[in-house]
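In what follows, a structure is listed as structure tokens, so that the remarks can point back to it.
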Amino acid sequence: MKAWQHFCTITDHKMKVMVGCFKMGLIWQGLTHDLSKYAPVEFWNGARYYQGVRSPNAAEREDKGFSESWMHHKGRNRHHYEYWTDMNKQTGRYESVPMPRRYLAEMVADRLAACKVYEGKDFDNGSPLRYLLRSREKDLMHPQTRQELEFLLVMLKEQGEKPTFQYIRTHVLKGLPFPWEENK
1 MKAWQHFCTI
11 TDHKMKVMVG
21 CFKMGLIWQG
31 LTHDLSKYAP
41 VEFWNGARYY
51 QGVRSPNAAE
61 REDKGFSESW
71 MHHKGRNRHH
81 YEYWTDMNKQ
91 TGRYESVPMP
101 RRYLAEMVAD
111 RLAACKVYEG
121 KDFDNGSPLR
131 YLLRSREKDL
141 MHPQTRQELE
151 FLLVMLKEQG
161 EKPTFQYIRT
171 HVLKGLPFPW
181 EENK
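Okay, so the sequence shown: first residue is 1 according to the working numbering, each after it adds one.
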């Protein structure tokens, strides 16, 4: 039963992201979003730890001390900021690098869909921003990525989905400057 529920949840999420990506003009990314969730390591761990109200990765992490599913997922999906880390030659440490805009856009659609799926009737357009602000991840992202993501999630909260996706399609994905970059 949990396997079926997990399948329905990840498929619902994938379809919501696909619609969002299509609205932004990211057809291929919409079609291929999160296909790794159907790989055995992600799917069966997801089914085992399925709860329906949050990511099974969190439950797997609580149980095992790490999430094998998440490590598999983040290494294959460019819409996660964790994918965008590399060795800094000056410091000899792994550090975040700025995300390309097309994956930033997909990340917005991904976060929006995740909040819709997990929050259900409690969802509102401010949900993705609240999730970001209360998480530690904002401290782990590259500062440029964090600033761009936060700007888009504030826009989503204040203006809604349609104007935000339109801005991403006509401005962000065209490489036009964000407001704070215009005077540079």
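Ideal Cβ placement from N, Cα and C applies to all residues, glycine included. Quick caveat, the model's predicted, so the values are computed rather than measured.
Determine the direct distance from the alpha carbon of residue j to that of residue i, and round the result to whole angstroms.
i, j, result
"G120", "R130", "15 Å"
"I10", "P179", "35 Å"
"D122", "E161", "16 Å"
"Y49", "Q5", "11 Å"
"P163", "A47", "36 Å"
"K116", "S36", "21 Å"
"M15", "R111", "13 Å"
"N125", "H13", "16 Å"
"F165", "N45", "33 Å"
"E181", "T170", "16 Å"
"N183", "P177", "9 Å"
"D86", "F151", "25 Å"
"C8", "Y167", "31 Å"
"A2", "G175", "First, the residue type needs correcting, since residue 2 is Lys and not Ala in the sequence shown. Straight-line Cα distance between these residues: approximately 43 Å."
"F43", "Q159", "35 Å"
Just confirm the distance between the C-beta atoms of residue i and residue j, as a whole number of angstroms; I'd bet it's less than 8 Å.
i, j, result
"P128", "L153", "5 Å"
"E106", "L156", "Actually they are not in contact, since the Cβ atoms of E106 and L156 sit about 14 Å apart, beyond 8 Å."
"D141", "S96", "The question names Asp, but residue 141 is Met in the sequence shown. Indeed they touch by this definition, with Cβ atoms about 6 Å apart."
"A109", "V41", "Contact doesn't hold; Cβ gap of about 24 Å is too wide."
"R54", "Y118", "6 Å"
"N77", "D34", "6 Å"
By the 10 Å Cβ neighbour count, where 16 or more other Cβ atoms means buried, how is residue i classified, buried or exposed?
i, result
"V172", "buried"
"T91", "exposed"
"S135", "exposed"
"N88", "exposed"
"A113", "buried"
"L31", "exposed"
"P56", "buried"
"L133", "exposed"
"Q29", "buried"
Across which residues does DSSP place residue i in a beta bridge pair?
i, result
"S96", "T85"
Closer than 7 Å to a non-hydrogen atom of the ligand GTP - does that hold for the CB of residue i?
i, result
"G20", "Among the components of this structure there are no ligands whatsoever, and the ligand GTP is therefore not found."
Stretch-stretch touch, CB-based, cutoff 8 Å, three pairs: the segment 63-72 with the segment 93-104: Output reads no: the segment 93-104 does not touch the segment 63-72.
Cβ pair count under 8 Å reaching 3, the segment 59-69 against the segment 21-33: They do not touch, by the three-pair rule.
At least three beta-carbon pairs within less than 8 Å, the segment 126-145 to the segment 75-84: Contact holds: three or more Cβ-Cβ distances are below 8 Å.
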